[in-house]
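First comes the structure, then the notes that go with it.
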Amino acid sequence: MSKELIRLVDCVMAFDEEVVLNDINLCINDREFLTLLGPSGCGKTTTLRLIGGFQKPTSGDVLFNGVRMNDVPPNKREVNTVFQKYALFPHLNVYENVAFGLRIPKVGENGKKIKLSEQEIDARVTEMLRVVNLTGFEKRAVTALSGGQQQRVAIARALVNRPKVLLLDEPLGALDLRLRKDMQIELKRIQQETGITFIYVTHDQEEALAMSDTIVVMDAGRILQIGTPTDIYNEPENAFVADFIGESNIIDGIMREDGVVEIFNRRFKCLDSGFDKDEPVDVVIRPEDVDIVAEDQGQLKGTVTNVTFKGMQYDIIVDFYGFKWLIQTTDLSPVGSRIGIKIDPDGFHVMKKSEYSGMFGDYSSYSEEYDEIGDASLELVEEDAGDEE
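Okay, so the sequence shown: first residue is 368 according to this note's numbering, each after it adds one.
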């Protein structure tokens with residue numbers, strides 16, 4: 368069982384009466400890669416700053432190993448931080464950048480200064496450069512490095528002091544797409560090899576899904592859901608989470624009974640239960656969970672209004688009775704064609720209505736081409752779809 372390292376208890380943060388964090392409760396385990404995920408202004412960086420000691424909560428407690436840390440400054444916490452701007456010293460080479468913090472004497476518990484020997488410094492720097500795959504770059508000027516290499520130097524410098532926690536605030540934001548993907552793999556490898564707890568802030572759901580043990584989805588200063596990447600993706604708790612993590616078609620529905628959900632006046636088998644009979648719900652259908660079939664074989668029938676080639680797949684927009692869906696498929700369906708779709712019971716995810724209901728999930732704004740294409744008929748399909756109860 369994982370050991371708890373950090374706990375935020377009922378944390379509130381307000382600036383000039385504006386609440387930017389509201390009742391944050393969060394447990395972070397030792398050796399965990401945890402990501403705070405959400406849009407700009409959701410409170411994720413403020414949460415990171417509370418953990419690092421850069422800000423004190425207006426109310427609530429920050430605990431490290433059960434000890435209250437609200438009044439403990441950043442330099443007294445076993446925490447280091449990597450920002451989007453690496454803040455490397457341009458006049459120092461790679462080795463000296465990483466060694467810089469080790470050369471500063473530390474004050475021990477007895478009040479005496481502790482200074483590392485050059486032999487110990489060299490051993491630590493050499494080991495950390497190995498961990499970040501920069502062996503052989505010791506004498507290289509940091510100004511001569513690529514963005515990804517500079518990021519690795521910044522990570523090595525933050526880890527060489529052996530903190531218990533590394534805070535990373537959008538560290539890959541300045542890198543191009545391919546380099547970001549490479550660094551995602553490297554960061555996860557480094558975290559697993561060092562065993563240090565990583566707390567990572569990003570607005571990029573692909574980064575969060577690729578690296579995290581645990582994802583914390585935030586919006587408007589609140590935590591909306593905590594879970595593994597698989598749980599968050601497959602079992603979102605509301606329309607915001609479903610929309611923010613991956614692509615989602617989110618449709619108004621009615622839970623007629625356990626295992627039966629109704630959308631577009633048609634009933635479908637699903638795997639969900641625990642709702643009231645005839646309870647209004649939000650229904651999530653991921654684009655990859657929809658199978659395209661001939662129109663006369665479909666549970667639902669619609670008109671293709673937009674096609675985008677993505678290399679390995681096509682993203683197509685289909686109008687079903689005025690609601691536009693995103694479907695991902697390897698088969699091309701031309702614009703204007705009529706198609707049918709089938710959805711297996713495990714392709715439906717049913718959620719309770721929330722304040723986010725009706726705000727997400729319709730791809731009507733996906734492309735300006737919709738302005739040139741008329742809506743499909745609003746007439747309801749009456750043929751037996753095969754999965755009706």
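Yeah, the Cβ is synthetic: ideal placement off N, Cα and C, and Gly gets one too. Model, not experiment: these values are computed from the prediction.
Assign residue i to one of three DSSP states: helix, strand, or coil.
{"i": "P647", "result": "strand"}
{"i": "G703", "result": "coil"}
{"i": "Q551", "result": "helix"}
{"i": "Q695", "result": "strand"}
{"i": "Y723", "result": "coil"}
{"i": "V387", "result": "strand"}
{"i": "N442", "result": "helix"}
{"i": "E735", "result": "Confidence in E735 is poor, its pLDDT being 39 and thus under 50, which makes the residue's placement unreliable; the coordinate value appears in the next sentence. Helix, per DSSP."}
{"i": "T581", "result": "strand"}
{"i": "I563", "result": "coil"}
State the CB to CB distance for the pair residue i and residue j, rounded to an integer number of angstroms; the pair is presumed to be in contact (CB under 8 Å).
{"i": "T413", "j": "M436", "result": "16 Å between Cβ atoms; not a contact."}
{"i": "T569", "j": "T448", "result": "Wrong, their Cβ atoms sit about 15 Å apart, outside the cutoff."}
{"i": "R633", "j": "K668", "result": "No, R633 and K668 are not in contact; Cβ-Cβ is about 11 Å, not under 8 Å."}
{"i": "V584", "j": "V608", "result": "5 Å"}
If I follow the unbroken beta strand (DSSP E) through residue i, where does it start and stop?
{"i": "E486", "result": "Reading off the sequence shown, one finds Gln at residue 486, where the question assumed Glu. No beta strand (DSSP E) holds Q486; the alpha helix (DSSP H) holding it covers 485-498."}
{"i": "G419", "result": "First-last for G419: 411-419, but that is the alpha helix (DSSP H), not the beta strand (DSSP E)."}
Where DSSP assigns a beta bridge to residue i, which residues make up the other side?
{"i": "D449", "result": "Checking the displayed sequence, the identity of residue 449 turns out to be Val instead of Asp. DSSP output for V449 lists L535 as bridge partner(s)."}
{"i": "I395", "result": "I373"}
{"i": "K636", "result": "V627"}
{"i": "N616", "result": "I652"}
{"i": "V674", "result": "I683"}
Could you tell me the alpha carbon to alpha carbon distance between residue i and residue j, rounded to whole angstroms?
{"i": "M578", "j": "R398", "result": "13 Å"}
{"i": "G562", "j": "F676", "result": "41 Å"}
{"i": "P424", "j": "L417", "result": "7 Å"}
{"i": "E655", "j": "V527", "result": "43 Å"}
{"i": "F715", "j": "P441", "result": "46 Å"}
{"i": "A523", "j": "N460", "result": "13 Å"}
{"i": "E485", "j": "P472", "result": "12 Å"}
{"i": "A395", "j": "Y600", "result": "Note that residue 395 is Ile in the sequence shown here, rather than Ala. Rounded to the nearest angstrom, the two C-alpha atoms are 20 Å apart."}
{"i": "G515", "j": "S721", "result": "41 Å"}
{"i": "K506", "j": "K719", "result": "58 Å"}
{"i": "A587", "j": "F727", "result": "16 Å"}
{"i": "G707", "j": "I630", "result": "15 Å"}
{"i": "Q572", "j": "P596", "result": "10 Å"}
Which first and last residues belong to the alpha helix (DSSP H) in which residue i is found?
{"i": "D610", "result": "606-611"}
{"i": "Y462", "result": "461-466"}
{"i": "V520", "result": "514-526"}
{"i": "Y600", "result": "596-601"}
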